[in-house]
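Chemist: With UniProt numbering, letter number 297 in the sequence shown gets 297, and the count goes up by one each step, no holes. Quick reminder that beta carbons are idealized off the backbone N, C-alpha and C, glycines included. This is the structure I have questions about; it appears just below.
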Amino acid sequence: MKQRHTIGAKLVTAFACSTLMLTIVCVVAWATWNQLDSQVNSLLTTSVPKYNLSYLLESRSSEIRRRVDLLASAPNKVELEIQSQAVIEEIGKVKSALSNNLHLQSELQEFDQVYDKLESYADRLAHQVSEKIDQQRSIDLYKEQLSWLHQDIDTELIPLRQEYHWQIERNSSVESTRQLLTTLNAIQQILDMESTLYAMVDELLSESQKELVNNSLKMVNFRLEELNSVSTAIFDHPAAIAYQQLISELTQVLKPEGDFHQLLLEKVALQTQLQQTNYEINRQLEFIHQRVARLIIETDKDFLTVKQETTQMVTYGNHVLIVFFSLSILISLFLTYYFINRRIVARLTNLSTSIDAIINDDLTHPIQVDGKDEIGRLSAKLIEYGDKVREIQRTNAISLINNTTASLVTCDTNGDIESANLNARRLLGLETISQSQKLWASFDSVNQVKLRQMFAMRDRLVHSENEALTLAIGSQEQRRYLHFDIRLFTHANLGKVIVTITDVTQQTNNALQLEQLVADKTRDLTVKNQQLLDEIAEREIAQVNLKNTQSELIQAAKMAVVGQTMTSLAHELNQPLSAMSTYVYSAEVFADRGEYDSVKQSISHIDGLVGRMGKIIKNLRHFARKSDGGELRQYSLHELVEQANILVSTKCKRQQIAISNTIPDDVTVWTNDVSLEQVLVNLMVNSCDAVVENGTEQKQVEVIYLEQVGCYQRFAITDTGSGFSQSIIDKLFQPFTTTKEVGLGLGLNICRSLIEGNGGHIYIASGLNQGAMVVMELPSEQV
């Protein structure tokens, strides 16, 4: 046969034509894309890096501006350190990005210098804010000292004024009464002048200019001299000795050129430096913004130039591609319709139909031989194959039955055996097969009944077309198990049954042994399970006893704290009671005179004192009550710390310890308020004891908020003590471990139990000032 009559030759010709057109299209596309690649490479190496760098500089500069604002308003040194480190990291990221664009170094040289200045200014701002925080703490201490002096002066003069009232009422001498009234008026004038002086000092603390601070302090000292002058009238009274000491202390604090005066001047100077540093930082950031805008404008111009050149090039290439693509489509349509569809697909479809007929045993389907190519030769071979299939079908069934290793028996639906292979005859003991021999004739009477029933349920066999049965044959010692798989089939339009017989003796024996082992194991597990349940019950009883003992221990610890604070609380309640007595007497005097506005004012003062005493007693009773492990609720962490602070404040005042609560108002925790208050009081008392034992001049305890970690709020209690010893830090949470001369060593262990009972965690750490830090985590919502 000639080579040109083959399908391959025709396909090669068509492929060569299509390849030629495709080659032309590819050459044009390659040239176009090569030029596009050059243009895109130019954009990627110049314009795109400039855009990316401009976006990075603009976004990082905005972030630096925000971080600088947070740095300038940092409330404490922990937050200051966090924000300072964040500003340095942002500037470092910008410098790293600038160093990665070496090919733009000439255009970015100015940015390196600006960010160096910006880093220097940020460092200066951090030091200034740190000094501001230290100054504010010192000012707060002076403010607290002045507040105590103000309260103590009132506490000393009001009883003295009451004493003069009583003397006036009991005195009958006119001359003596006149002198007593003069002294009483002097006391009232002193009280008024002292209140005015305290208000002026409060205004002095808020002054922001050096001249205003000096003038205000001069006015305060002028008022203080007037107060000293008026107070001369009562200095001779024996009860005014404490008042003289208070006035002397107040004069010492407010004297010109003193520590308080210098602290206020330093505050004003530092505020000016902060404003100047902020101005310089804003100026540098504005310069960066302007330079970035100019860089973007220059990049836009370069980008538009490249875009115009690319548009012209793509337009020319598109025209060429459209022409050759149209020619390729026309040639492809011609080849598809004439050669592929008519000469290949149609002939293959006819051939496929003939093959489907042979697969379905329809050997009468006509097969046409069309053409001299491969399809025509395949049709001729298919005709020869159809003739051989019938012969193969006749011999396959007999070979399958005789050569299989399985025991196969065929019979009719009444159970009469028609054929059996060699293995089946050996298994059933059949030498020959008669026309009336039943399948069940070789078995005992019991098994005969079972097999007969399978054939008797003909409707069931017809419906399922497959049934199975296992028979036990032989004595108990030599028992065998045969599995019968009975399947219905049709032969010559008659219903026939084929039976597959399998010896499953080994599998059945193994299954019986396994069942016996399972039963033995089940009985053993039942006994052990009952023993385990008894042990669980005993452990539950022990756990309940442990919880009850722990609850009693916690209550005892709380009562110990209450006992320690009772003396201080008695003094704390005694002062309001004395002041209330004075206000009651004043109200009676004002009522006798008909000055009802003054009576209302005295009653208002009494109401305020009653509220103050009630708050102290309420918090003490709330703390002292026995916790029954009540339900967990959401509480404001700031308020819980304040309640604990009230119980510890008198101890702090007596020991001259400054305790502060910097927890934000919006922080909430999911806890039991009584148990958490026990933990806070215990830890605050421990911090106060540690500060006193250390003997440092800066006696301070702080409750600070750290951060939110997932669904947990993290906060800590720090002090200015000597911290935890390395030798005992790993044992602090163990019972009966203490560093105090007097103590059971159960406080931290109880605190950990209470915190973990509320779903939280507690850790031991060290503060920035080398003092102790106890870190706690509590969930912010129900978990």
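I'd like the span of the beta strand (DSSP E) that includes SER766, first residue to last.
Modeler: As a first step, residue 766 is located in the sequence shown; it is residue number 766 there, counting from the start. Counting along the chain, the beta strand (DSSP E) containing SER766 begins and ends at 761–766.
Chemist: Using a Cβ distance threshold of 8 Å, determine whether the segment 292–310 contacts the segment 49–63, with at least three qualifying pairs required.
Modeler: Contact holds: three or more Cβ-Cβ distances are below 8 Å.
Chemist: Taking the CB atoms as reference points, tell me whether LEU264 and LEU204 lie closer together than 9 Å.
Modeler: Residue mapping note: residue 264 aligns to position 264 of the sequence shown, counting from 1. Residue mapping note: residue 204 aligns to position 204 of the sequence shown, counting from 1. Their beta carbons are under 9 Å apart, which means LEU264 touches LEU204 by this criterion.
Chemist: If you run the structure through DSSP and keep just helix, strand and coil, what is ALA269?
Modeler: Here residue 269 is taken as the residue at index 269 of the sequence shown, counted from 1. If DSSP states are grouped into helix, strand and coil, ALA269 belongs with the helices.
Chemist: Using alpha carbons as the reference points, say which of VAL599, PHE303, ARG593 lies closest to VAL584.
Modeler: Translated into the one-based positions of the sequence shown, residue 584 becomes position 584. Among VAL599, PHE303, ARG593, the Cα nearest to that of VAL584 is on VAL599.
Chemist: Identify which residue in ASN769, LEU647, GLN275 has its Cα closest to the Cα of residue 784.
Modeler: Lying before the first or after the last residue shown, residue 784 is absent from the chain, which here runs from 1 to 783.
Chemist: Less than 8 Å between the CB atoms is what I'm expecting for GLU110 and ILE91, so what's the real figure, rounded?
Modeler: Residue 110 sits at position 110 when you count from the first residue of the sequence shown. Residue 91 sits at position 91 when you count from the first residue of the sequence shown. That pair is no contact at about 15 Å.
Chemist: Residue 789 to SER602, Cα distance in whole Å?
Modeler: Limits of the chain in this structure are 1 at one end and 783 at the other, which puts residue 789 out of reach.
Chemist: Helix, strand or coil, according to DSSP, for ILE717 in the structure here?
Modeler: Indexing the sequence shown from 1 puts residue 717 at position 717. Of the three classes helix, strand and coil, the one that applies to ILE717 here is strand, per DSSP.
Chemist: Would DSSP call THR502 helix, strand or coil?
Modeler: For the purposes of this step, residue 502 is identified with residue 502 of the sequence shown, where counting begins at 1. Residue state, collapsed to three classes: strand.
Chemist: Candidates SER419, LEU525, PRO238, PHE334: which alpha carbon is nearest LEU157's?
Modeler: Position 157 of the sequence shown, counting from 1, holds the residue named residue 157. When each option's Cα is compared against that of LEU157, the closest is PRO238.
Chemist: Could you give the DSSP three-state label for ASN682: helix, strand or coil?
Modeler: Locating residue 682 in the sequence shown gives position 682, counting from the first residue. In the structure shown, ASN682 sits in a helix (DSSP, three-state: H, G or I).
Chemist: Comparing alpha-carbon positions, which option in CYS751, LEU754, ASP730, VAL685 lies nearest GLY721?
Modeler: By one-based count along the sequence shown, residue 721 stands at place 721. Minimum Cα distance to GLY721 is reached at VAL685.
Chemist: Just how far apart, CA to CA, sit GLU495 and LEU451?
Modeler: Here residue 495 is taken as the residue at index 495 of the sequence shown, counted from 1. Here residue 451 is taken as the residue at index 451 of the sequence shown, counted from 1. Sequence check: residue 495 is Gly here, not Glu. The alpha-carbon atoms of GLY495 and LEU451 are separated by roughly 18 Å.
Chemist: State the DSSP-derived secondary structure class of ALA658, mapped to helix, strand or coil.
Modeler: For the purposes of this step, residue 658 is identified with residue 658 of the sequence shown, where counting begins at 1. Strand at ALA658.
Chemist: Look at the alpha carbon of ASN447 and the alpha carbon of LYS521, and state the distance between them as a whole number of angstroms.
Modeler: As a first step, residue 447 must be located in the sequence shown, where it is residue number 447. As a first step, residue 521 must be located in the sequence shown, where it is residue number 521. If you take the alpha carbons of ASN447 and LYS521, they lie about 34 Å apart.
Chemist: Taking the C-alpha atoms as reference points, what is the distance between TYR164 and LEU706?
Modeler: Position 164 of the sequence shown, counted from the start, is the residue given in the question as residue 164. Position 706 of the sequence shown, counted from the start, is the residue given in the question as residue 706. Roughly 55 Å between the two C-alpha positions.
Chemist: Using only the alpha-carbon positions, how far apart do GLN513 and GLN507 sit?
Modeler: Locating residue 513 in the sequence shown gives position 513, counting from the first residue. Locating residue 507 in the sequence shown gives position 507, counting from the first residue. Distance between the alpha carbons of GLN513 and GLN507: 10 Å.
Chemist: Specify whether the segment 232–247 and the segment 169–179 touch according to this definition: at least 3 beta carbon pairs, one from each stretch, less than 8 Å apart.
Modeler: With a cut-off of 8 Å, the segment 169–179 and the segment 232–247 do not count as touching, because too few Cβ pairs lie within range.
Chemist: Let me know the secondary structure DSSP gives ASN769 once reduced to three states.
Modeler: Taking the first residue of the sequence shown as 1, we reach residue 769 at position 769. ASN769 falls in the coil class under three-state DSSP.
Chemist: Looking at the secondary structure, which residues open and close the alpha helix (DSSP H) in which residue 797 lies?
Modeler: The structure shown does not extend to residue 797, since the chain is modelled only from 1 to 783, so the question has no answer here.
Chemist: Could you check where the alpha helix (DSSP H) with GLN245 kicks off and where it finishes?
Modeler: Position 245 of the sequence shown holds residue 245. From DSSP, the alpha helix (DSSP H) with GLN245 extends over 241–253.
Chemist: By how many angstroms is the C-alpha of TYR55 removed from the C-alpha of PHE260?
Modeler: Position 260 of the sequence shown holds residue 260. Position 55 of the sequence shown holds residue 55. Answer to the nearest angstrom: the Cα atoms are 50 Å apart.
Chemist: Rounded to the nearest angstrom, what separates PHE303 and THR718 at their Cα positions?
Modeler: Your numbering for residue 303 matches position 303 in the sequence shown. Your numbering for residue 718 matches position 718 in the sequence shown. Rounded to whole angstroms, PHE303 to THR718 spans 59 Å at the Cα level.
Chemist: Considering only the alpha carbon of each residue, which of THR526, SER352, ILE168, LEU748 lies closest to GLN678?
Modeler: Counting from one through the sequence shown, the residue named residue 678 turns up at place 678. Out of THR526, SER352, ILE168, LEU748, LEU748 has the C-alpha closest to the C-alpha of GLN678.
Chemist: Pick helix, strand or coil for GLN782, following the three-state DSSP scheme.
Modeler: By 1-based counting over the sequence shown, the position of residue 782 is 782. Correct three-state label for GLN782: coil.
Chemist: What does DSSP give as the partner residue(s) for LEU70 in the beta ladder?
Modeler: Mapped onto the sequence shown, residue 70 falls at position 70. Answer is none; LEU70 lacks a bridge partner.
Chemist: Going by C-alpha to C-alpha distance, which of LEU427, LEU430, ALA472 sits closest to VAL449?
Modeler: Along the sequence shown, one-based indexing puts residue 449 at 449. Of the listed residues, the one whose Cα sits closest to VAL449 is ALA472.
Chemist: For the alpha helix (DSSP H) containing ILE187, name the first residue and the last one.
Modeler: Start at 1 with the first residue of the sequence shown, and residue 187 comes out as number 187. From DSSP, the alpha helix (DSSP H) with ILE187 extends over 174–204.
Chemist: For the beta strand (DSSP E) that contains SER636, what are its first and last residues?
Modeler: As a position in the sequence shown, residue 636 is number 636, starting the count at 1. Counting along the chain, the beta strand (DSSP E) containing SER636 begins and ends at 633–636.
Chemist: From TRP670, VAL667, SER687, ASN672, pick the residue whose C-alpha is nearest to that of ARG649; which is it?
Modeler: Numbered from 1 along the sequence shown, position 649 holds the residue referred to as residue 649. Here residue 649 is Ser; the residue named in the question, Arg, does not match the sequence. Nearest C-alpha to SER649: SER687.
Chemist: Could you check whether GLY771 and GLY710 sit closer than 9 Å to each other, using their CB atoms as the reference points?
Modeler: Position 710 of the sequence shown, counting from 1, holds the residue named residue 710. Position 771 of the sequence shown, counting from 1, holds the residue named residue 771. Contact flag unset, no.
Chemist: Which residue comes first and which comes last in the alpha helix (DSSP H) that contains ALA456?
Modeler: Within the sequence shown, the letter at position 456 stands for residue 456. Taken as a continuous stretch (DSSP letters only), the alpha helix (DSSP H) holding ALA456 covers 445–456.
Chemist: Indicate the three-state DSSP secondary structure (helix, strand or coil) for GLY495 in the structure shown.
Modeler: Sequence index remark: in the sequence shown, residue 495 carries index 495 (1-based). In this structure, GLY495 counts as strand in the three-state DSSP scheme.
Chemist: Nearest-angstrom Cα distance between GLN256 and LEU217?
Modeler: Taking the first residue of the sequence shown as position 1, residue 256 is located at position 256. Taking the first residue of the sequence shown as position 1, residue 217 is located at position 217. Note on identity: in this sequence residue 256 is Pro, with Gln being the wrong assignment. Spanning the two alpha carbons is a distance of roughly 7 Å.
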